[in-house]
Amino acid sequence: MFAMSRADDYPHDRPHEDGSEAYRSDIEAAERKVAGEIQPGARAMVVAILVFVLLVSLILPHTGGARGVDVLMGDSKAISVAIAVPSRLFVWLALVFGVGVSMLALLTRRWVLAWVALAGSALSSAVGLLAVWSRQTAVHGHPGPGIGLLVGWFAVILLTFHWARIVWTRTAVQLAAEEQRRATSTERQARTLLEDVDRREGKQQPPRPDPS
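Residue numbers in the sequence shown follow the UniProt record's numbering, run continuously in steps of one, and reach 212 at the last position.
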C-alpha cells in the first residue's frame with residue numbers, strides 16, 4: 001500500500017505562497033491608498049486662486065464701513081451697521097470651509113477632505129444668499145451688501161462648482177477601480193484554487209512500480 005502524501009508534507013511550497021500573498025497584500029494596500037486620494041490637476045490652481053480671493057474679500061467692505069474681518073469679530077463697526085446673523089455665519093463658514101478645509105484638501109489630496117470642502121462650500125453658498133438678501137432688506141438707513149460680501153459669495157459658489165467636479169471625477173474613477181479590483185481578485189482566487197487542486201492531485205499520485 002502506498003502512503004498518501006499531504007500538502008503539509010511539502011513545506012518548500014509555503015515560502016512561495018507566503019511571498020505571493022504578501023505581494024498581493026502590498027498591491028491592494030497601495031491601490032486603496034491611491035483610491036483615497038484626489039488628483040485635481042489644473043483645478044488645483046483654480047481652487048487656490050479662489051481661496052486667495054476669498055481671503056481678500058475679508059478685508060474688503062462687507063457692508064457700509066464694516067469689513068469682513070469686522071463682521072467676523074463682531075466689533076463696533078459691525079454693530080453700527082446692524083450686521084445680521086446670516087452675515088456672520090457666512091463669513092465664518094467661508095473662512096472654515098472655503099479657506100481652511102479647501103487648503104487642507106489641496107495639501108493632503110485626501111478624498112474625504114475634498115468631500116467636506118464641497119459640503120461646506122455648498123452650505124456657505126446658501127448662507128451667502130441669505131446674507132446678501134438680509135443686507136438688501138435691511139432697515140432703512142443701513143447700507144446694503146458691499147463688494148466684499150458679493151466677491152466672497154461668488155467665490156464660494158465657484159469653489160462649490162470646482163470641488164463638485166473634482167469629487168465627482170474621483171468618485172467615478174474609484175467605482176471603476178473597485179469593480180476592476182473585485183474582478184481581478186475573483187479571477188486570482190479562482191486561478192489559485194485550481195493551481196492548488198492540480199498540485200495536490202499531482203502530489204497524491206502513487207509512484208509507478210518498478211518493472212524490474
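Glycine included, C-beta positions come from ideal geometry on N, C-alpha and C. None of these values were measured; they are calculated from a predicted model.
Taking the alpha-carbon of residue i as reference, which of the options has the nearest alpha-carbon?
i	options	result
VAL101	SER87, LEU89, LEU55, VAL116	VAL116
LEU124	ILE147, VAL112, VAL91, PRO145	The sequence shown places Ser at residue 124, rather than the Leu named in the question. The shortest Cα separation from SER124 among ILE147, VAL112, VAL91, PRO145 belongs to VAL91.
ARG88	TRP153, PHE161, ARG165, ILE166	TRP153
HIS142	LEU150, GLY64, ALA119, TRP111	GLY64
PRO40	LEU149, SER134, GLY146, TRP111	TRP111
GLY144	ALA122, ALA126, LEU106, HIS62	HIS62
LEU149	ALA164, ALA122, ARG135	ARG135
TRP168	VAL47, LEU118, ALA122	LEU118
VAL127	ILE157, TRP163, PHE161, LEU107	ILE157
Using the C-alpha atoms, what's the distance from residue j back to residue i?
i	j	result
LEU104	LEU58	20 angstroms
LEU93	LEU129	13 angstroms
ILE49	ILE79	31 angstroms
LEU54	VAL69	12 angstroms
VAL132	HIS140	15 angstroms
ALA155	ARG109	21 angstroms
ALA138	ALA84	9 angstroms
ALA82	VAL151	20 angstroms
ARG43	VAL96	20 angstroms
ALA3	GLU37	Bear in mind that the predicted position of ALA3 carries a pLDDT of just 44, short of 50, making it unreliable; the figure below should be weighed with that in mind. Going by the C-alpha atoms only, they are around 55 angstroms apart.
ARG67	PRO86	15 angstroms
Would you decide whether residue i is buried or exposed? Buried here means 16 or more other CB atoms lie within 10 Å of its CB.
i	result
SER76	exposed
PHE52	exposed
ALA114	buried
ILE147	exposed
THR186	exposed
GLY74	exposed
From the DSSP secondary-structure annotation, give me the bridge partner or partners of residue i.
i	result
ARG165	The partner list for ARG165 (beta bridge, DSSP) is empty, contrary to what the question assumes.
ARG110	GLU37
Original post:
What residue ranges within the region 32 to 66 form continuous alpha helix (DSSP H) runs of no fewer than 4 residues, ordered along the chain?
Top reply: Whole alpha helix (DSSP H) segments, 4+ residues: 43 to 57.
Original post:
Which runs of the alpha helix (DSSP H) fall wholly inside the region 65 to 93 and span at least 4 residues, in chain order?
Top reply: Segments of the alpha helix (DSSP H) lying fully in the region 65 to 93: 68 to 73, 76 to 80, 85 to 93.
Original post:
Curious, which full-length alpha helix (DSSP H) runs of at least 4 residues does the region 114 to 168 contain?
Top reply: List check, alpha helix (DSSP H) in window: nothing returned.
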